[in-house]
Structures are given as C-alpha cells and as structure tokens.
Amino acid sequence: MISGYMLMGYIFMFTALFGSVLALIQRDLMKAVILIGLEGLAVAFLYQTLRAPDVGITQAILGAALLPGIFAITVYKTRREEE
Amino acid sequence: MSLESLFQPMCFLTAAALVVVGLYAVIFMDNLLKKIIGVTLISDGVNLVLITEGFNKMVAIISPDMFEQGVISQTFENLKEFPEFAAQAAFPLPSALVLTSIVISVSIFAIMLALAIRLYQEYGSLSCSVIFKEVEE
C-alpha cells in the first residue's frame, strides 16, 4: 500500500522531468522561463518529500521565484523569439 | 519490489535524467539562454543526488499523537527524548551542504545572464553560431 506522501513524490519527479524537457523545446523564450520556474517548484516539493524541508524552502524562494525573475529580465532586455 | 522501496532509486533516476537533459542542452542547443537553462538543470540534478543520498527510506511520518509520548530523559529533567525519531530522521549533512550550493548557484546564474545581455548588446544576437561568426571576422 503506497502512502500519499510517496505518491506526491512520484508526481513531483514526473513534473520536474517533463517541465525541463518542455522548456527546452519551446520557441518562445518567455514560455521556457515559466516552465523552468515550474521545474524548480517541483524540485522544491520533491526536497520536502525527501525530508529536507530547509532546502525545500530555499529552493522554492530562489529556484522557483528569483531565478525565473532574472531570466525574465534577461528575455526582456534581449529578444523574445529564438532565431 | 513495492513502489515505496523504489522511491529512492527513482529519485536517483530523476536526478540522472535531469543531468542528461541539461548536458544535451548545453552541448547541442544554439541559443545562449537555452544553454544557461541547461546549466540550471545540471545544478538541480546534482543537488537532488546529494539530498537523495541522505534520505532514509524506513522513515514513517511522525503523527502528533506519537510526538506526545516521548521517553523521559535520564540526564535532564522535564525533557523528552525521541529515540525512534532520531533513528529514522534524514541525514543532515547533505542538506546543510546543498543549502549553500543553491544560494551560490543563483548568484552564478545572475552573472551568466548579465554576460549574456552584454553579448547581445555587443553582437545583436543570442545565437552562438552568429556570435562565433562575428568574432571570427
């Protein structure tokens, strides 16, 4: 019998993998940045499932909020479409 | 093999897949921003390997009822010990290391993105082939 905790962990692994693959095949760079934020959030929740909540909180702030912010500033300063 | 005993190997596989996808992006993608995204994926994968190493798969979730009934400590008065909790908790050293690693990696990515903006101002493109062609001329 699988617990809901483990099931959530499997869902987050799936989300991290597919978010990263989908981010790399986008032509629009802003969509890629948003999908990178999704991948960081999934990894943050996976850290929570692996019983490292301090790392999960730090990853949720830096990897899922601050890093897509800097990427979005870069996309805004340069061009949005990939040539 | 139940699904619960496979949890830690599946975490290792996820980390390995993240590193592979990131390496593919760094080597084969043409856009500079996609390459930097690949570096973030590699960093996430390596951090996930370290965290999964410290995970103890025998852990059960401590409920509040179980937390009430601790063992009375012999050395200190009015203090409860939780020997089962201490035996089942995750290993704390990798999380202490990864906490530093995440913070440092974000600052490294900020520097990389700033240099990417500077390259765009210099050459007018983020494509690596265009930048290399301009450099050679």
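Chains as they are written, first to last, in this note's numbering: chain B, 2 to 84; chain A, -19 to 117.
For each residue, glycine too, the CB sits at the ideal point set by N, CA and C.
Every value quoted in this text rests on a predicted model; they were computed, and no experiment measured them.
CB contact below 8 Å: residue i versus chain B
i, result
"residue -13 of chain A", "yes"
"residue -16 of chain A", "yes"
"residue 89 of chain A", "yes"
"residue 35 of chain A", "yes"
"residue 13 of chain A", "yes"
"residue 103 of chain A", "no"
"residue 95 of chain A", "no"
"residue 22 of chain A", "no"
Minimum Cβ-Cβ distance from residue i to chain A less than 8 Å
i, result
"residue 60 of chain B", "yes"
"residue 38 of chain B", "no"
"residue 53 of chain B", "yes"
"residue 78 of chain B", "yes"
"residue 31 of chain B", "no"
"residue 75 of chain B", "yes"
"residue 46 of chain B", "no"
"residue 25 of chain B", "yes"
Nearest-angstrom Cα separation, counted from residue j out to residue i
i, j, result
"residue 103 of chain A", "residue 109 of chain A", "11 Å"
"residue -16 of chain A", "residue 7 of chain B", "7 Å"
"residue 112 of chain A", "residue 10 of chain A", "11 Å"
"residue 98 of chain A", "residue 52 of chain B", "41 Å"
"residue 31 of chain B", "residue 96 of chain A", "16 Å"
"residue 115 of chain A", "residue 73 of chain B", "27 Å"
"residue -7 of chain A", "residue 0 of chain A", "10 Å"
"residue 42 of chain B", "residue 117 of chain A", "43 Å"
"residue 27 of chain A", "residue 23 of chain B", "21 Å"
"residue 5 of chain B", "residue 11 of chain B", "10 Å"
"residue 81 of chain A", "residue 62 of chain B", "14 Å"
"residue -5 of chain A", "residue 25 of chain A", "4 Å"
"residue 13 of chain B", "residue -9 of chain A", "10 Å"
"residue 82 of chain B", "residue 70 of chain A", "44 Å"
"residue 50 of chain B", "residue 16 of chain A", "27 Å"
"residue 74 of chain A", "residue 33 of chain A", "8 Å"
"residue 27 of chain B", "residue -3 of chain A", "19 Å"
Residue i (DSSP reduced to helix, strand or coil)
i, result
"residue 55 of chain B", "helix"
"residue 120 of chain A", "Nothing about residue 120 of chain A can be read from this structure; chain A reaches only from -19 to 117."
"residue -16 of chain A", "coil"
"residue 10 of chain A", "coil"
"residue 82 of chain B", "strand"
"residue 112 of chain A", "helix"
Cβ neighbour criterion (16 or more within 10 Å) applied to residue i
i, result
"residue 14 of chain A", "buried"
"residue 91 of chain A", "exposed"
"residue 2 of chain B", "Legend: pLDDT at residue 2 of chain B = 47, less than 50; position of this residue unreliable, no value from coordinates given."
"residue 69 of chain B", "buried"
"residue 8 of chain A", "exposed"
"residue 15 of chain B", "exposed"
"residue 83 of chain A", "exposed"
"residue 101 of chain A", "exposed"
"residue 20 of chain B", "buried"
"residue 84 of chain B", "exposed"
"residue 48 of chain B", "buried"
"residue 65 of chain B", "buried"
In chain order, each alpha helix (DSSP H) run of at least 4 residues that lies wholly inside the segment 4 to 58 of chain B: List check, alpha helix (DSSP H) in window: 5 to 25, 30 to 50.
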